[in-house]
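Read through the structure below, which is laid out as structure tokens, and then see the notes.
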Amino acid sequence: MQDLHRWNLSATEAIALQRELAQRIILEDHIGEVRSVAGVDMAIHEEHDMAQAAIVLLSYPELEIIERHIYEEPIPMPYVPGLLSFREAPSVIGAFKRLRQKPDLIMVDGQGIAHPRRIGIASHLGLWLGIPTIGCAKSLLVGHYDQDALGEEAGSWVPLIYKQETIGAVVRTRTHVKPMFISPGHLISLETSIRYVLACSKGYRLPETTRQADKLSKDKTWIEPETPGDTEQPTLWS
DNA sequence: GCGACAG
DNA sequence: ATCTTGTCGC
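Position 214, counted from 1, in the first sequence is what numbering that gives the first Met the number 0 calls 213; the numbers after and before it change by one each time, with no gaps.
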């Protein structure tokens, strides 16, 4: 894995970079047999000004935990709508580097291409890591949808439209519960994204991947096992 | 200019 | 994201 760019950019620079990177996003399925799916998320521990990113690797389709890791660092920049990846991606990548096996697919807490410049954090991470990603957000950033056409049963969904284009889907992952906002990140189509999100949903609103990562990112008792040399260790698959 | 706005 | 207990509904 080679660094695409630096992260400490001004808002203006970051937006210009997003416009460049957005052109490289691939929305066709470049995905082989899926035997593992990872979920990533981040929590802020205000008391120590620390960001705690978490990654959980699950087997697929069993969805049993294979690996769990966290990575902490001082909170970088503030939250700016549309620039979330510049705040969260660096720590998520830190956690990702602690994996011993490479995931076949990654589920990200946030938007994929359902973004003003078509490059939410899921797409950005997909480009950086070169792995298929799906954006799995709990709320809307941009776009609109037909609320009445969305069924109440788990599995129903309607397209998410933005500027006359389908950029994602509003998906009911659990009956009678607020839907999730799904969009492809990179190296995957919308149809396939919806399929995997539903296949990973186990009776909760959040897919098991995101749910486990969310839980771990908030865990204050978790002690990450020592990795000799730590951060920049080359691994078998990088 | 005004409102909207992932986490 | 985070602050926070009980509570209404499937």
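Beta carbons: idealized from backbone N, C-alpha and C, even for Gly.
Keep in mind the model is a prediction, meaning the values are calculated, not measured.
N-terminal and C-terminal residue of the beta strand (DSSP E) that residue 6 is part of: Note, residue 6: premise wrong, no beta strand (DSSP E); not H, not E.
Chain-order list of residues whose beta-carbon lies under 6 Å from that of residue 108 (same chain, five-residue window excluded): 40, 209
Through-space distance from residue 179 to residue 136, alpha-carbon basis: Cα to Cα, the separation comes out at about 6 Å.
Length at least 3, wholly inside the stretch 126-159: the beta strand (DSSP E) runs in chain order: Counting only runs of 3 or more, we get 132-136.
Residue nearest to residue 145 in terms of C-alpha spacing, selected from 162, 169, 131: Its Cα nearest to that of residue 145, the residue 169 stands out among 162, 169, 131.
Rounded C-alpha distance that separates residue 237 from residue 33: At residue 237, the pLDDT of 39 sits below 50, so the modelled position is not reliable; the number obtained from the coordinates is stated separately. Between residue 237 and residue 33, the C-alpha separation is close to 19 Å.
Range of the contiguous alpha helix (DSSP H) that encloses residue 91: 83-95
Beta-ladder partner(s) of residue 79, from DSSP: According to DSSP, residue 79 bridges with nothing at all.
Those residues which DSSP pairs with residue 51 across a bridge: 42, 71
Buried or exposed (CB count within 10 angstroms, at least 16 for buried), residue 172: buried
Terminal residues of the beta strand (DSSP E) in which residue 208 lies: Here residue 208 belongs to no beta strand (DSSP E); instead the alpha helix (DSSP H) covers 207-217.
Within the stretch 165-189, ranges of the beta strand (DSSP E) (whole runs, at least 3 residues): 179-185
Residue 106 - containing beta strand (DSSP E), residue span: 104-107
Three CB pairs or more closer than 8 Å across the stretch 71-79 and the stretch 112-124: Note that the stretch 71-79 does not touch the stretch 112-124; fewer than 3 beta-carbon pairs, one per stretch, sit closer than 8 Å.
Residue 2, buried or exposed, once every other Cβ within 10 Å from all chains shown has been counted against 16: exposed
Residue of 37, 64, 81 minimising C-alpha distance to residue 10: Answer by Cα proximity: 81.
Local conformation of residue 200 per DSSP, three classes: Under the three-state reduction of DSSP, residue 200 is assigned to coil, being neither helix nor strand.
Inter-residue Cα distance where the pair is residue 110 and residue 174: 22 Å
Whole-number beta carbon distance between residue 192 and residue 181, since they are thought to touch under 8 Å: 6 Å
Nearest-angstrom beta carbon gap, residue 156 and residue 85 [assumed within contact, 8 Å]: About 30 Å; that fails the 8 Å criterion.
Backbone secondary structure at residue 193 - three-state DSSP: Three-state result, residue 193: helix.
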